[in-house]
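For reference, the structure discussed in these notes is given below.
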Amino acid sequence: MTDYGLDMSITHHPLGFSYGEDVTGPMPEIRTLDQIRASLRDPACQGPNEVYAIAMDVARIQDREELQKRMLLFGVVTYAAGQLGDEPVRSQGHIHKISQHSGWSPPELYEIWQGKAIIYMQEYVADDPGRCFAVLAGPGEKVLVPPGWGHATISADPEVPLTFGAWCDREYGFEYDAVRSYKGLAWYPLVQEKQIVWQHNSRYVPGRLQAVTPRQYTEFGITAAPVYQQFIDCPARFQFISRPDKTAGLWHNFHP
Numbered sequence: 001m002t003d004y005g006l007d008m009s010i011t012h013h014p015l016g017f018s019y020g021e022d023v024t025g026p027m028p029e030i031r032t033l034d035q036i037r038a039s040l041r042d043p044a045c046q047g048p049n050e051v052y053a054i055a056m057d058v059a060r061i062q063d064r065e066e067l068q069k070r071m072l073l074f075g076v077v078t079y080a081a082g083q084l085g086d087e088p089v090r091s092q093g094h095i096h097k098i099s100q101h102s103g104w105s106p107p108e109l110y111e112i113w114q115g116k117a118i119i120y121m122q123e124y125v126a127d128d129p130g131r132c133f134a135v136l137a138g139p140g141e142k143v144l145v146p147p148g149w150g151h152a153t154i155s156a157d158p159e160v161p162l163t164f165g166a167w168c169d170r171e172y173g174f175e176y177d178a179v180r181s182y183k184g185l186a187w188y189p190l191v192q193e194k195q196i197v198w199q200h201n202s203r204y205v206p207g208r209l210q211a212v213t214p215r216q217y218t219e220f221g222i223t224a225a226p227v228y229q230q231f232i233d234c235p236a237r238f239q240f241i242s243r244p245d246k247t248a249g250l251w252h253n254f255h256p
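Residue numbering for the sequence shown follows UniProt numbering, starting at 1 and increasing by one per position.
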């Protein structure tokens with residue numbers, strides 16, 4: 001993974017990561033199928049026991065002080081291959097907790113490393129979910145989830161394990177209760193003949209799902225370079241992740 005500014009590699013048996021000499025990171029947390037059943041369309045489905053591994057606060061040793069000062073954190077996640085019943089392997093839907101230091105629910109910037117991803121997002125976890133988007137992204141592409149939106153990360157290819165990195169707020173926290181109260185987000189991804197199709201969750205008001213491809217977030221100064229390398233080149237570049245209030249005007253009518 002040196003192409004992404006970090007000397008690390010991904011393992012799949014078992015799920016996890018190994019770090020180079022100049023990189024620090026935690027032992028990955030493993031999310032099992034039993035832990036995420038409440039967020040699935042079919043909670044009784046069959047699938048890999050270890051669904052995904054997540055390591056938060058991965059960094060080069062020389063960057064740690066700067067990251068802490070800027071309240072930024074870099075996380076890496078890798079998924080198992082396969083399916084969860086008729087659903088693709090995916091994360092639990094959640095909203096980010098409000099950070100005490102900013103008073104905002106932080107945004108999150110994804111970069112796909114391996115496999116194909118669908119970043120699903122909706123404006124609200126409420127009876128009316130507002131605008132709903134499914135952003136299909138491949139290796140090297142970036143997807144930005146705005147503050148306060150419910151979202152989930154979906155593997156779009158059951159045969160190729162998905163791996164991605166993400167910039168987050170250092171006071172990150174995941175809120176699951178609202179999503180679980182609706183038995184998931186407003187749209188369920190299903191695998192049919194190796195394609196992802198969508199089924200509306202009837203607990204929400206009917207609406208429209210917009211399928212889009214990633215765009216260039218030039219208004220935030222993001223370039224095509226790997227996102228960790230962008231931080232190395234300009235440590236202030238991702239300050240909008242931990243301080244979204246400083247770019248409040250850019251979040252109005254945001255389109256992913």
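All residues carry an ideal CB built from backbone N, CA and C; glycine is no exception.
This one's a predicted model, so the numbers in the text were calculated from it and none came from an experiment.
Nonlocal neighbours in the same chain, by C-beta distance under 7 angstroms from residue i, ignoring five residues either side
{"i": "W149", "result": "M121, Q122 and E123"}
{"i": "T2", "result": "Note that T2 scores a pLDDT of 46, beneath 50, so its modelled location is shaky and nothing firm can be said."}
{"i": "Q100", "result": "E171"}
{"i": "G138", "result": "I112 and K116"}
Strand pairing of residue i, partner residues [DSSP]
{"i": "G184", "result": "None, per the DSSP bridge assignment."}
{"i": "G75", "result": "M56 and A166"}
{"i": "A152", "result": "Y120"}
{"i": "R31", "result": "Y52"}
Check whether residue i and residue j have beta carbons under 7 angstroms apart
{"i": "S39", "j": "Q92", "result": "yes"}
{"i": "D128", "j": "V205", "result": "yes"}
{"i": "G140", "j": "L84", "result": "no"}
{"i": "L33", "j": "V51", "result": "yes"}
{"i": "G16", "j": "A53", "result": "yes"}
{"i": "G75", "j": "E111", "result": "no"}
{"i": "Y176", "j": "H94", "result": "yes"}
{"i": "P161", "j": "H252", "result": "no"}
{"i": "residue 257", "j": "W104", "result": "Because the chain is modelled from 1 through 256, residue 257 falls outside the range shown and cannot be assessed."}
{"i": "R70", "j": "V23", "result": "no"}
{"i": "Y19", "j": "P226", "result": "no"}
Residue i (DSSP reduced to helix, strand or coil)
{"i": "I95", "result": "strand"}
{"i": "M1", "result": "For M1, the predicted model reports a pLDDT of 44, less than 50, meaning its position is unreliable; a value from the coordinates is still stated below. Looking at M1 - three-state DSSP - the assignment turns out to be coil, as it is neither helix nor strand."}
{"i": "W251", "result": "helix"}
{"i": "I119", "result": "strand"}
{"i": "T24", "result": "strand"}
{"i": "K194", "result": "coil"}
{"i": "F220", "result": "helix"}
{"i": "S39", "result": "helix"}
{"i": "E141", "result": "coil"}
{"i": "S102", "result": "coil"}
{"i": "Q210", "result": "strand"}
{"i": "L6", "result": "coil"}
Top-ranked residue by Cα proximity to residue i, from the options
{"i": "P26", "options": "M8, P43 and H13", "result": "M8"}
{"i": "A55", "options": "V135, S99, C168 and E21", "result": "C168"}
{"i": "I222", "options": "R237, L209, F174 and F133", "result": "R237"}
{"i": "F174", "options": "H151, V160 and A53", "result": "H151"}
{"i": "D42", "options": "F240, P88, L144 and Y172", "result": "P88"}
{"i": "D86", "options": "L185, P189, I95 and L209", "result": "P189"}
{"i": "residue 286", "options": "G184, R70 and Q114", "result": "There is no way to answer for residue 286, as the model of the chain reaches only from 1 to 256."}
{"i": "A211", "options": "C45, Q100, H255 and L136", "result": "L136"}
{"i": "residue 304", "options": "I232, H255 and D245", "result": "Nothing can be reported for residue 304, as the shown portion of the chain is limited to 1 through 256."}
{"i": "T78", "options": "G20, E29 and A126", "result": "E29"}
{"i": "A117", "options": "G20, E159, I10 and L250", "result": "E159"}
Cβ-based neighbour list, residue i, same chain, cut-off 6 angstroms, excluding 5 preceding and 5 following
{"i": "L144", "result": "L109 and Y217"}
{"i": "L250", "result": "E219"}
Nonlocal neighbours in the same chain, by C-beta distance under 8 angstroms from residue i, ignoring five residues either side
{"i": "W198", "result": "A134, W187, Y188, P189, L190 and L209"}
{"i": "I241", "result": "L72, P106, P107, E108, L109, W167, C168 and D169"}
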